[in-house]
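Here this note's numbering is used: the first residue of the sequence shown is 38, the next is one more, and so on. Cβ atoms here follow ideal geometry from the backbone N, Cα and C, with glycine treated the same way. Report on one structure; see the data block that follows.
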Amino acid sequence: MIEDYPKRGTEHRCPDPSPLFDGQPSLLDRLYAQSKASRWEIPRERFAAALERSAKKALPPATVTPQKLQEYLGALHLEDLALAAACAEGIEAAWEHFFATYRAYLRAAAATILRCSVGSAEARDLGDSLFTELYGLADGKGAERSLFRYFHGRSSLKTWLRAVLARRHVDSIRAGRRFEDIDENESGDGQLKTPLGGQLQPVDVHRDRYIVSFTCALQTALERLKPQEKERLRLYYAEEKTLAEIGRSLGEHESSVSRHLDRVRRDLRQAVEDILRQGLGSANGSAVQPGLSDAEIALCFEYGAGETLIDLDKLLPRPKSPGPAAGKRTP
């Protein structure tokens, strides 16, 4: 449910071609067509490489089956992934489309993060600052260092861009604080009173709070779902059932299961964001914790995504009463 975005200083290497689609050429054909990648004239092998990066990031090799691979790839935001892959390749038409479509959105997102006017110089500077890194020029390395190579299509491109922008803003604040700390700790002879090494890689003292906030918001959002929606999520994420197995359990066609899961995932993410933005406990009349900014919400999702202690079995318990009888299909 949660899309990855890069951290400063991380290196990226494009993986060597792999037999991901060996024996399944029709799968690649279908995904390529659904993504409309041909309008950017991106080579099929480059689009296949983007799909491979996404699958390798999300699916442990030991658990991959042809059906699970098809389910995962079919749920991606394929058109966004194709655009990102084309931009990473430096295809001019794709870049022109991205610039025309997303520049205003990035500035608006920057204004929300900074809590200032969209037309302000601060919003323009933060929004436009991402283009250099997206294009791959930040380190003078060219397109092979484009941040687009970190986009895996699990969320929409807009959601990912907003998260990257929020992270960049938080990074800049932390960097400023580090330099302030260094300046404050300098003695008269120019020597540091405290070691510099420990300050360059600070631990986020708010990390645990963000994880708790994310978990509480997720639990609240899950409690608001209908029983059958929670059951679909439980079977898919907690028990790792296939779409076909879930369909047999709920008496639905697997295409219906896929469609319902996609909708519930989108609604659930939006609900968690809204809860975090409004403040935990606000539904009961008074916020136990104040609402978070977009930058803080992005960190909640980042830390929550990497937190192995979030117990899905506890968040998605088995229903006390049995589900609908097998064999009864829903549209």
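Check, Outcome
"Helix, strand or coil at residue 59 according to DSSP, with G and I counted as helix", "coil"
"Candidates 192, 300, 351: closest to residue 338 by CA position", "192"
"Exposure label - residue 267; buried when at least 16 CB within 10 Å", "buried"
"Where the alpha helix (DSSP H) containing residue 73 begins and where it ends", "Run containing residue 73: none; DSSP gives neither H nor E here."
"Backbone secondary structure at residue 156 - three-state DSSP", "coil"
"Local conformation of residue 28 per DSSP, three classes", "Lying before the first or after the last residue shown, residue 28 is absent from the chain, which here runs from 38 to 368."
"Residues of its chain near residue 108, where Cβ-Cβ distance is below 6 Å and the 5 sequence neighbours each way are ignored", "280"
"Rounded separation between residue 207 and residue 256 - CA only", "26 Å"
"Sub-8 Å separation of residue 64 and residue 143 beta-carbons", "no"
"Span of the alpha helix (DSSP H) around residue 249", "244-260"
"Boundaries (first-last residue) of the alpha helix (DSSP H) holding residue 105", "103-111"
"Segment limits, alpha helix (DSSP H) that includes residue 7", "As shown, the chain starts at 38 and ends at 368. That puts residue 7 outside it, with no answer to give."
"Reduced DSSP secondary structure (H/G/I, E/B, other) of residue 273", "helix"
"Residue interval of the alpha helix (DSSP H) (run including residue 283)", "280-287"
"Within 8 Å, strictly: CB atoms of residue 184 and residue 170", "yes"
"Inter-residue Cα distance where the pair is residue 351 and residue 341", "15 Å"
"Alpha carbon of residue 175 to alpha carbon of residue 161, nearest angstrom", "Residue confidence for residue 175 is low, a pLDDT of 40 falling below 50, so the modelled location carries little weight and cannot support an answer."
"Environment of residue 261 [buried if 16+ CB atoms lie within 10 Å]", "exposed"
"Proximity winner among 334, 317, 333, relative to residue 327 (alpha-carbon distances)", "317"
"7 Å Cβ shell around residue 68 - same chain, five flanking residues per side excluded", "88, 110, 115"
"Cβ neighbours of residue 195 in the same chain (closer than 7 Å, five flanking residues each side left out)", "142"
"Endpoints, the alpha helix (DSSP H) within which residue 136 is located", "129-151"
"Nearest residue (CA-CA) to residue 209, options 332, 309, 74", "332"
"Length of the line joining the Cα atoms of residue 198 and residue 245", "24 Å"
"Exposed unless 16 or more other CB atoms sit within 10 angstroms - verdict on residue 138", "exposed"
"Counted within 10 angstroms of its Cβ, other Cβ atoms place residue 102 as buried (16 or more) or exposed", "exposed"
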